[in-house]
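Participant: Next up is a structure, given as structure tokens.
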Amino acid sequence: MTNNEVTSQKEDKAYATISFTDTVAFNYTLPGDKEPQTIEHELTFIWEDTIDKFIEEHGTDKPYKVHTFKREREQKFFIEQIEGRTDDLIDEVQEEIANKMKFGFDFSGQLHNDD
Numbered sequence: 001m002t003n004n005e006v007t008s009q010k011e012d013k014a015y016a017t018i019s020f021t022d023t024v025a026f027n028y029t030l031p032g033d034k035e036p037q038t039i040e041h042e043l044t045f046i047w048e049d050t051i052d053k054f055i056e057e058h059g060t061d062k063p064y065k066v067h068t069f070k071r072e073r074e075q076k077f078f079i080e081q082i083e084g085r086t087d088d089l090i091d092e093v094q095e096e097i098a099n100k101m102k103f104g105f106d107f108s109g110q111l112h113n114d115d
């Protein structure tokens, strides 16, 4: 086998990533309230094991997607995008909860007028 054959075999190797979407609940209780409140959002998760393990843990009814990439860096970029969106959403929810804790309601305006 020549070096070219080995190289082409490596290039044909596809990188696969399994993703699934789930609803995540962020629970919090406002000061002075006894009732806990919830903010729900859909998040996309990356499954880092095999499809068989996914089905074993989540059952056959849970939808998932298999993403294939020709290069490892494309796969890593995809995973970083998903993780970035997740981090951004968590930051947004934390800010929303912090505003509700501070003002007792969903505050989204200016704190002061700059004129």
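Position 8 (the sequence shown) corresponds to 8 in the UniProt record's numbering; numbering is contiguous. Every residue, glycine too, gets a C-beta built ideally from N, C-alpha and C.
(1) Which parts of the segment 15-52 are runs of the beta strand (DSSP E), unbroken and 3 residues or longer, counting only runs that do not cross its ends?
(2) Quick one: what does DSSP say Thr60 is sitting in, helix, strand or coil?
(3) Just reading off the beta strand (DSSP E) that Lys65 is part of, what are its end residues?
(4) Candidates Glu42, Thr38, Phe20, Glu83: which alpha carbon is nearest Glu57's?
(5) Here's a check: name, in chain order, each residue in its chain whose Cβ is nearer than 6 Å to the Cβ of Thr38, leaving out the five neighbours to either side.
Facilitator: If we stick to the structure as given:
(1) List check, beta strand (DSSP E) in window: 15-28, 37-47.
(2) Position 60 of the sequence shown, counted from the start, is the residue given in the question as residue 60. Thr60: coil per DSSP, three-state reduction.
(3) Here residue 65 corresponds to residue number 65 of the sequence shown, with the count starting at 1. Taken as a continuous stretch (DSSP letters only), the beta strand (DSSP E) holding Lys65 covers 65-69.
(4) Counting from 1 along the sequence shown, the entry for residue 57 is found at position 57. For the residues Glu42, Thr38, Phe20, Glu83, the minimum Cα distance to Glu57 belongs to Phe20.
(5) Taking the first residue of the sequence shown as 1, we reach residue 38 at position 38. Counting only Cβ-Cβ distances below 6 Å, and skipping sequence neighbours, we find Ala25, Asn27.
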